[in-house]
Amino acid sequence: MQIRSNPLTSGSVVRALVTFTLPFLLANLLQSLYGAVDLFVVGRYCDAQSVAAVSTGTQVTQIITSLVSGLTLGGTILIGKYTGMEDETRVRQSIATMLSVFAVVALLLTALMLLFERPLLTLLNTPAESFEETMQYVAICSWGNFFICGYNSLSAVLRGYGDSTRPMLFVAIACVVNIVLDFIFVRFFFLGAAGTALATVIAQAVSMFVAIFYLRRHGFVFDFRPSSFRITPKIARELAIVGIPISFQELMVRISFLYLTAVMNGCGVYAAAVVGIGAKYDVFSMLTATSVANALAAITAQNMGAGKPQRARRSLWYGMGFALLVASAFFLWAQINPESMIGAFSSDAGVIAAGVPYFRSCSYDYLMVALVFTLNGYLNGRSKTVWTMVSCSAGALLLRIPLVYLFAGRFGDQLGMLGLVAPIVSGIMACYTLIYVLWEGRHSRKKEKTA
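The number in my numbering is simply the position in the sequence shown, starting from 1, with 781 added.
If you want it as structure tokens, here you go:
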């Protein structure tokens, strides 16, 4: 059976959005789940130092994940555009170029992470009690960069092709492997944070190789032979133009959150653990918004390539409503019973007490992010990635970092006040991004009428 492209340019808009987004959502849920299991297992079987090590180490490794996901989303958009145009030759060239580029990127990222690991952890004010354990965690994860790039690239290719189901299956395999190995390495081999890192790397490797084996056996358009890994200069330039701004904006956002981590680490082990647990819930609460945003990028790219901008715009508004609905449920949970959220990852009374005010304040960001992510997903699908880069970078560098500095100086270790920074920043970003989308949409419709 040959794997064929799945056009997202016909039929019901709602049906296309839902059927494409749900596997995307499940894949992201599974990916987030096995990341959360790392923290859960360490929290159950290790001390607060190990929890802080995984929390801080995850913030560092997410730099790589953010860079990779930004570039791969650029590949999804590019492949989606040519799929909508029904240009099979350029689809093949895009896949070959993307996979070849990422093989090189993976090696470079590994070298950089290993070289700058210690200085970076020092800049983050990593607690002395957990510094060496954090070093081990980051070093092991760094050796797995090739597998991170590999299976993220393959998933991005399939999603650009209109297939969000198979990436979900490949992530499910990684999730099962990771969970099993987490318990084995931490509960029975007593490897602590290093055990969770090792489990993650092995799970990613298994997922990547299973994906390659499956696609080769089912007649995928790319055959994975060494001679097929070729970089087409024109496609590489397009990938860079679309993907680098997305990757850069992810990096800037991640840097701003790393600054928050550094500030919180300066408040002690409990604060560091709270930020790590909060980051896990950020991922889960924003999962629907992230999934809808990435799905919108592919759907919008295909519809713009097919000359159907109105359909792309309708997909945005439906997607935004769905993302807000789910985000509201997490927001209410954080307001009503934040203790249960924190207690799922740590039974330490000090961590729970420190986390309650932080969770109540930062949870407003769940709602704001639903707006920002979906709007940016639509704009990325329209190849307006320079705008989203400028927007997110401004939010990170001109808003989030100065506000963290200001609030930290005035309120010290009052975590509830520091938790307000994220929703304030996201609310401002949501306002000016929505204004831009409405203005750009009105301008585009005028051009369509005169064309």
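Beta carbons are placed, not taken as given, at the ideal position from N, Cα and C, and that holds for glycine.
Would you call the stretch 1201 to 1218 and the stretch 1140 to 1149 touching, i.e. three or more CB-CB distances under 8 Å? yes
Quick one: what's got a C-beta closer than 6 Å to residue 968's C-beta in the same chain, skipping five residues either side? One-based indexing of the sequence shown puts residue 968 at position 187. Excluding positions up to five away in sequence, the list reads 826.
Express the C-alpha separation of residue 1208 and residue 783 in angstroms, rounding to a whole number. To locate residue 783, count along the sequence shown from 1; it is residue 2. To locate residue 1208, count along the sequence shown from 1; it is residue 427. Here the model assigns residue 783 a pLDDT of 48, short of 50, so the residue's position is not dependable, and the following value carries that caveat. Their Cα atoms are separated by approximately 45 Å.
Can you tell which of 912, 987, 927 and 956 has its C-alpha closest to the C-alpha of residue 890? Residue mapping note: residue 890 aligns to position 109 of the sequence shown, counting from 1. If we check each option's Cα against that of residue 890, 927 comes out closest.
Could you check whether residue 1061 and residue 820 sit closer than 8 Å to each other, using their CB atoms as the reference points? Locating residue 820 in the sequence shown gives position 39, where the first residue counts as 1. Locating residue 1061 in the sequence shown gives position 280, where the first residue counts as 1. Closer than 8 Å, so yes.
Of the listed residues 1150, 1094, 878 and 1017, nearest to residue 1210 (C-alpha basis): Residue numbering aside, residue 1210 sits at position 429 when the sequence shown is read from its first letter. When only C-alpha atoms are compared, the closest one is 1150.
Taking C-beta to C-beta, are residue 1164 and residue 938 nearer than 8 Å? Your numbering for residue 1164 matches position 383 in the sequence shown. Your numbering for residue 938 matches position 157 in the sequence shown. No. Outside cutoff.
For residue 1173, name the three-state secondary structure that DSSP assigns. Here residue 1173 corresponds to residue number 392 of the sequence shown, with the count starting at 1. Helix at residue 1173.
Whole runs of the alpha helix (DSSP H) within the stretch 1016 to 1069, excluding any shorter than 4 residues: 1050 to 1066
Take the Cβ of residue 838 as the centre, count every other Cβ of all protein chains shown within 10 Å, and call the residue buried at 16 or more, exposed below. What you label residue 838 is simply residue 57 of the sequence shown in a count that begins at 1. Flag for residue 838 reads buried.
Are the CB atoms of residue 1096 and residue 811 nearer to each other than 8 Å? Looking up residue 1096 in the sequence shown gives position 315. Looking up residue 811 in the sequence shown gives position 30. Result no, Cβ atoms of residue 1096 and residue 811 do not sit closer than 8 Å.
Got a sec, what are the start and stop residues for the alpha helix (DSSP H) residue 1195 sits in? Taking the first residue of the sequence shown as position 1, residue 1195 is located at position 414. First-last for residue 1195: undefined, no H or E at that position.
Inter-residue CB distance, residue 1121 and residue 1058 (contact presumed, cutoff 8 Å): Your numbering for residue 1121 matches position 340 in the sequence shown. Your numbering for residue 1058 matches position 277 in the sequence shown. Rounded, the Cβ-Cβ distance is 12 Å, inconsistent with contact.
Determine the closest residue to residue 876 out of 1118, 949, 1140 and 1013, with distance taken between C-alpha atoms. Within the sequence shown, the letter at position 95 stands for residue 876. Of 1118, 949, 1140 and 1013, the residue nearest in Cα terms is 1013.
Per DSSP, what kind of secondary structure is residue 1201 in: helix, strand or coil? Along the sequence shown, one-based indexing puts residue 1201 at 420. Coil.
What does the alpha-carbon distance come out to for the pair residue 1082 and residue 862? Position 301 of the sequence shown, counted from the start, is the residue given in the question as residue 1082. Position 81 of the sequence shown, counted from the start, is the residue given in the question as residue 862. Cα-Cα distance, rounded: 5 Å.
Coarse secondary structure for residue 1141, derived from DSSP in three states: In the sequence shown, counting from the first residue as 1, residue 1141 sits at position 360. In this structure, residue 1141 counts as helix in the three-state DSSP scheme.
Label residue 1007 either buried or exposed according to how many other C-beta atoms from any shown protein chain fall within 10 Å of its C-beta, with 16 as the threshold for buried. Translated into positions along the sequence shown, residue 1007 becomes position 226. It is exposed - the Cβ of residue 1007 has fewer than 16 other Cβ atoms within 10 Å.
With a cut-off of 8 Å on the beta carbons, I'd call residue 808 and residue 948 a contact; round off their distance for me. On the sequence shown, residue 808 is found 27 positions in, with the first residue counted as 1. On the sequence shown, residue 948 is found 167 positions in, with the first residue counted as 1. 5 Å between Cβ atoms; contact.
In chain order, what are the residue ranges of uninterrupted beta strand (DSSP E) at least 3 long that sit wholly in the stretch 958 to 1028? none
Using 8 Å as the Cβ pair cut-off and three pairs as the minimum, do the stretch 1101 to 1110 and the stretch 1152 to 1169 touch? yes
Assign residue 907 to one of three DSSP states: helix, strand, or coil. Indexing the sequence shown from 1 puts residue 907 at position 126. Residue state, collapsed to three classes: coil.
Leaving out five residues on either side along the sequence, give the residues of the same chain with a beta carbon under 7 Å from the beta carbon of residue 881. Mapped onto the sequence shown, residue 881 falls at position 100. Hits under 7 Å: 1010, 1011 and 1012.
Contacting residues, own chain, Cβ-Cβ under 6 Å from residue 853 (five flanking each side not counted): Numbered from its first residue, the sequence shown carries residue 853 at position 72. Hits under 6 Å: 933, 934 and 937.
Straight-line gap, residue 1214 to residue 1110 (C-alpha atoms, nearest Å): The residue labelled residue 1214 in the question sits at position 433 within the sequence shown. The residue labelled residue 1110 in the question sits at position 329 within the sequence shown. Approximately 24 Å, taken between the alpha carbons.
Selected residue, minimal CA-CA separation from residue 795, among 1088, 1179, 1076 and 972: For the purposes of this step, residue 795 is identified with residue 14 of the sequence shown, where counting begins at 1. Nearest C-alpha to residue 795: 1076.
Buried or exposed (CB count within 10 angstroms, at least 16 for buried), residue 1018: Here residue 1018 corresponds to residue number 237 of the sequence shown, with the count starting at 1. It is exposed - the Cβ of residue 1018 has fewer than 16 other Cβ atoms within 10 Å.
Would you kindly report the start and end of the unbroken alpha helix (DSSP H) that includes residue 862? For the purposes of this step, residue 862 is identified with residue 81 of the sequence shown, where counting begins at 1. Run containing residue 862: 829 to 865, per the alpha helix (DSSP H) assignment.
Beta carbon of residue 841 nearer than 8 Å to that of residue 919: On the sequence shown, position 60 is the one that residue 841 refers to. On the sequence shown, position 138 is the one that residue 919 refers to. Going by C-beta atoms, residue 841 is nearer than 8 Å to residue 919.
Along the alpha helix (DSSP H) that carries residue 1095, what are the first and last residues, could you check? Walking along the sequence shown from the start, residue 1095 turns up at place 314. Note, residue 1095: alpha helix (DSSP H), 1090 to 1117.
Out of 957, 944, 901 and 980, which one is the CA nearest neighbour of residue 924? Sequence index remark: in the sequence shown, residue 924 carries index 143 (1-based). Closest option to residue 924, Cα to Cα, is 980.
What did DSSP end up calling residue 1270 once you bin it into helix, strand or coil? Absent from the structure is residue 1270, since the part of the chain shown begins at 782 and ends at 1232.
Measure from the alpha carbon of residue 1199 to the alpha carbon of each residue in 1040, 804 and 1107, then state which is nearest. As a first step, residue 1199 is located in the sequence shown; it is residue number 418 there, counting from the start. When only C-alpha atoms are compared, the closest one is 1040.
Is the beta carbon of residue 1137 closer than 8 Å to that of residue 1054? Taking the sequence shown and counting its residues from 1, the one referred to as residue 1054 is at position 273. Taking the sequence shown and counting its residues from 1, the one referred to as residue 1137 is at position 356. No. Outside cutoff.
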